[in-house]
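Below: the structure, in C-alpha cells.
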Amino acid sequence: MARATRMKAILGVMTAVGLVLPAFSPALADSTAAEAFRAGAAKAVITPPAASFPISSPSSPRDKPFVGIHDDLFARALVLEEGGRRIVLVSLEVTTVPQQEKLIAAVASAAGVPASQVLVFATHTHSNPLVFFHGNQPTAQQQAEMARTLDQAVAATREAVAGLRPAKIALARGASIANVNNGEGKGLTTKHDAAGVVDHTLDVVRVDGTDGKPLALLVNYPTHAEVMFRSVTKDGGLEVTGDIPGAVSRLLEGSVAPVVLYSAGAEGDQQAIYTSLVPAVAPLPAVDAGASGWALLDMQARRIALDAVDALARGPAPLATGSLSLAKGAATCPGQKLRRDQATGKVTTTATDPVAIPVALLKVGDFALAGVGADLGAALGKTIRAATPKRKTVLVSMIAGDVGYVLPDDSYPAMGHGVMGSPVKPGCAGPALIKELGRLALQR
1 MARATRMKAI
11 LGVMTAVGLV
21 LPAFSPALAD
31 STAAEAFRAG
41 AAKAVITPPA
51 ASFPISSPSS
61 PRDKPFVGIH
71 DDLFARALVL
81 EEGGRRIVLV
91 SLEVTTVPQQ
101 EKLIAAVASA
111 AGVPASQVLV
121 FATHTHSNPL
131 VFFHGNQPTA
141 QQQAEMARTL
151 DQAVAATREA
161 VAGLRPAKIA
171 LARGASIANV
181 NNGEGKGLTT
191 KHDAAGVVDH
201 TLDVVRVDGT
211 DGKPLALLVN
221 YPTHAEVMFR
231 SVTKDGGLEV
241 TGDIPGAVSR
251 LLEGSVAPVV
261 LYSAGAEGDQ
271 QAIYTSLVPA
281 VAPLPAVDAG
291 ASGWALLDMQ
301 ARRIALDAVD
311 ALARGPAPLA
321 TGSLSLAKGA
331 ATCPGQKLRR
341 DQATGKVTTT
351 ATDPVAIPVA
361 LLKVGDFALA
371 GVGADLGAAL
381 GKTIRAATPK
391 RKTVLVSMIA
401 GDVGYVLPDD
411 SYPAMGHGVM
421 GSPVKPGCAG
431 PALIKELGRL
441 ALQR
C-alpha cells in the first residue's frame, strides 16, 4: 500500500470507536473527582499583523526583511492536572523563548500555579521575525512581537484551563527519516555530514478524553526548523512560517487532534534533509528554490506527520496517569568565549563565569519529558535517554532560558559554527545534565 494511501487509511481508523484510539475504561479512573487526571489544550495566533510588514532588524542588517505571511505562527498550551497538582506546557513557534521570566510568570498567573509548574519551550523555527533579535535593545516592532507572544501564550493557557476535563495520556515512540547531521562536528557550514550522528527518534505524547477522542498531541522530533530560512519567496524578501514544526502541527490538527504542540528534540547538530536555500559547495553553485521550497517543506512535514500517526497506531493505550510532577533545576558548567581572528584564523579562548543550563523533568505516569535549555547535540540527547532506562524519556530542547549551543565534546576540535557560539567548555555538559536530571528524578 502506498504511504499516502496508508496514512489516509490509518487516519480513518483513528476516527472509528475503540480501534486505534481505544475507548476509556472506567476501571482506569481515579476513585474521586479530586484525584482524577484532567487535561485541557488550546492555541492562539502569535503572527505579526499584516500591517507591520516589512519587518527587518538592525542587529542583522545583511538579512533580507520579512515581507509577508505564508502561514500563521502559534502559541499552544497543554494543561495537565491530577491530585490537586496542575502543570502547564507551552510550545511557542519562535527561535528561542523571549522574555522568559516575564512570560513564565504571566502564564503561571493565568493558570493559577507557581512558576515552578510551568514549562515553556520554543519549536526553534527560524522564520519568525524575532529570529533576528540577538538580545540587544529591541526595536519597537520587536518589543511588540514579544508582547504579543506573551499575551497569546496567556490566552492559550486560560482557554486550556477552562477546557480541563477528565483525560488519559500515553507516550508512543517511533522514528522518522527526515533529518541528517548538519556537519557541526566537522566544522562544516555548507553541507551535511553523512557519517555524523543522527537521531531519527520521533516521540508523540497523546492525550485523550474519557470518550477516547484525542484532546491534544505533543510531537517531539530533532531537527532545526529552517527549511525556509533565508529563502527569498516573495517580493524580494522572506515570509513568516512555522516551518517544519508549524506544518506538522497543522497537518495533524486537521486530521488527528484539535491541538498539536511541537517540541524540538536534541537538534543542535540536526537539520532537515532538504532546505530551500542551499549554499554553494564547490564545484556546485548556491541555489535558492524560492517559492518552490514550500513543496520541500510540505513533503518533509508530511513524512513526520505520517510517521507520528504510525507511532500512535502502534503505541500503548492511554491511561489515567497515576503520577504527575514537574521539577526544575540547572546543570552548571565552566564557561568560555571563543573568538576567531579573521586574518589568521587563530582561535583564542577566554574563560568566563560558570554557565547554568536550565533543566526540567516532567514525570507523567511511566514516561518523562526531560527539558534542557540549550541547542543540544544529538549524541548528548541519546546519552541522556540511555541514562534513564527505567522510564521512557522524551528529550525536549530549547526550554526557556536556553544558553545557546551545547554540543558533544568531539565537536570542539573542528571549531564549527555551533562550537564557536557555545558558552560552555567541553568535558562537562553530558555528565552534568545526567546528574541534575537524576537529582530531579528523586523529587516528588
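Take the sequence shown: its letter number 155 is residue 155 in our numbering, and every next letter is one higher. Quick reminder that beta carbons are idealized off the backbone N, C-alpha and C, glycines included.
Own chain, CB closer than 6 Å to residue i, minus 5 neighbours either side, in chain order
{"i": "residue 402", "result": "96, 373 and 374"}
{"i": "residue 289", "result": "276"}
{"i": "residue 186", "result": "193 and 414"}
{"i": "residue 383", "result": "430"}
{"i": "residue 234", "result": "67 and 68"}
Candidates the options, of which the one nearest residue i by Cα
{"i": "residue 71", "options": "233, 246 and 148", "result": "246"}
{"i": "residue 60", "options": "419, 53, 280 and 230", "result": "230"}
{"i": "residue 291", "options": "326, 227, 342 and 163", "result": "227"}
{"i": "residue 155", "options": "378, 45, 368 and 428", "result": "45"}
{"i": "residue 388", "options": "427, 438 and 126", "result": "438"}
{"i": "residue 105", "options": "115, 99 and 111", "result": "115"}
{"i": "residue 117", "options": "86, 283, 170 and 94", "result": "86"}
{"i": "residue 267", "options": "251, 125 and 248", "result": "125"}
{"i": "residue 221", "options": "236, 73 and 172", "result": "172"}
{"i": "residue 84", "options": "324, 405 and 77", "result": "324"}
{"i": "residue 212", "options": "169, 236 and 233", "result": "169"}
{"i": "residue 253", "options": "52, 74 and 421", "result": "74"}
{"i": "residue 272", "options": "293, 149 and 366", "result": "293"}
{"i": "residue 205", "options": "237, 147, 318 and 301", "result": "318"}
{"i": "residue 304", "options": "348, 322 and 251", "result": "251"}
{"i": "residue 237", "options": "67, 47 and 62", "result": "67"}
{"i": "residue 160", "options": "143, 100 and 207", "result": "207"}
{"i": "residue 422", "options": "349, 52 and 177", "result": "349"}
{"i": "residue 94", "options": "81, 101, 120 and 82", "result": "120"}
{"i": "residue 177", "options": "274, 101 and 148", "result": "274"}
{"i": "residue 498", "options": "81, 101 and 51", "result": "Lying before the first or after the last residue shown, residue 498 is absent from the chain, which here runs from 1 to 444."}
Supposed contact pair residue j and residue i - C-beta distance, whole angstroms, cut 8 Å
{"i": "residue 381", "j": "residue 196", "result": "Incorrect: roughly 14 Å between the Cβ atoms, too far for contact."}
{"i": "residue 37", "j": "residue 320", "result": "5 Å"}
{"i": "residue 336", "j": "residue 351", "result": "6 Å"}
{"i": "residue 112", "j": "residue 79", "result": "About 10 Å; that fails the 8 Å criterion."}
{"i": "residue 311", "j": "residue 404", "result": "Not quite, the Cβ-Cβ distance comes to about 31 Å (not below 8 Å), so this is no contact."}
{"i": "residue 259", "j": "residue 76", "result": "6 Å"}
{"i": "residue 369", "j": "residue 406", "result": "Between residue 406 and residue 369 the Cβ distance is about 18 Å, and since that is not below 8 Å, they are no contact."}
Where the alpha helix (DSSP H) containing residue i begins and where it ends
{"i": "residue 43", "result": "No alpha helix (DSSP H) holds residue 43; the beta strand (DSSP E) holding it covers 38-45."}
{"i": "residue 248", "result": "243-253"}
{"i": "residue 296", "result": "293-314"}
{"i": "residue 148", "result": "140-162"}
{"i": "residue 382", "result": "378-386"}
{"i": "residue 107", "result": "100-111"}
{"i": "residue 207", "result": "No alpha helix (DSSP H) holds residue 207; the beta strand (DSSP E) holding it covers 201-209."}
Residue i versus residue j - alpha carbon distance
{"i": "residue 339", "j": "residue 333", "result": "19 Å"}
{"i": "residue 107", "j": "residue 346", "result": "45 Å"}
{"i": "residue 435", "j": "residue 192", "result": "32 Å"}
{"i": "residue 361", "j": "residue 432", "result": "14 Å"}
{"i": "residue 69", "j": "residue 297", "result": "15 Å"}
{"i": "residue 331", "j": "residue 359", "result": "7 Å"}
{"i": "residue 6", "j": "residue 313", "result": "A caution first: residue 6 carries a pLDDT of 43, below 50, which makes its placement in the model unreliable, though a value can still be read off. Taking the straight line from one Cα to the other gives about 12 Å."}
{"i": "residue 64", "j": "residue 151", "result": "28 Å"}
{"i": "residue 135", "j": "residue 129", "result": "14 Å"}
{"i": "residue 364", "j": "residue 49", "result": "37 Å"}
{"i": "residue 132", "j": "residue 57", "result": "6 Å"}
{"i": "residue 299", "j": "residue 42", "result": "26 Å"}
{"i": "residue 429", "j": "residue 201", "result": "21 Å"}
{"i": "residue 441", "j": "residue 329", "result": "11 Å"}
{"i": "residue 242", "j": "residue 342", "result": "34 Å"}
{"i": "residue 167", "j": "residue 89", "result": "16 Å"}
{"i": "residue 103", "j": "residue 239", "result": "26 Å"}
{"i": "residue 397", "j": "residue 54", "result": "31 Å"}
{"i": "residue 224", "j": "residue 315", "result": "26 Å"}
{"i": "residue 395", "j": "residue 385", "result": "7 Å"}
{"i": "residue 145", "j": "residue 137", "result": "14 Å"}
{"i": "residue 411", "j": "residue 162", "result": "46 Å"}
{"i": "residue 110", "j": "residue 285", "result": "51 Å"}
{"i": "residue 232", "j": "residue 127", "result": "11 Å"}
{"i": "residue 301", "j": "residue 419", "result": "28 Å"}
{"i": "residue 287", "j": "residue 306", "result": "29 Å"}
{"i": "residue 366", "j": "residue 139", "result": "45 Å"}
Where the beta strand (DSSP E) through residue i begins and ends
{"i": "residue 214", "result": "214-221"}
{"i": "residue 236", "result": "That residue, residue 236, is in no beta strand (DSSP E); it is neither H nor E in DSSP."}
{"i": "residue 441", "result": "Taken as a continuous stretch (DSSP letters only), residue 441 belongs to no beta strand (DSSP E), being part of the alpha helix (DSSP H) at 429-441."}
{"i": "residue 363", "result": "347-364"}
{"i": "residue 260", "result": "259-264"}
{"i": "residue 447", "result": "Summary: the structure shown does not reach residue 447, with the chain confined to residues 1 through 444, and so no result is reported for it."}
{"i": "residue 88", "result": "85-92"}
Cutoff 8 Å; reference residue i; Cβ partners in own chain excluding five residues on either side
{"i": "residue 189", "result": "183, 279, 416 and 417"}
{"i": "residue 165", "result": "38, 39, 40, 209, 210 and 215"}
Same chain, Cβ closer than 7 Å to residue i, five either side skipped, listed in chain order
{"i": "residue 198", "result": "179, 180, 181, 270 and 378"}
{"i": "residue 262", "result": "91, 123, 219, 245, 248 and 249"}
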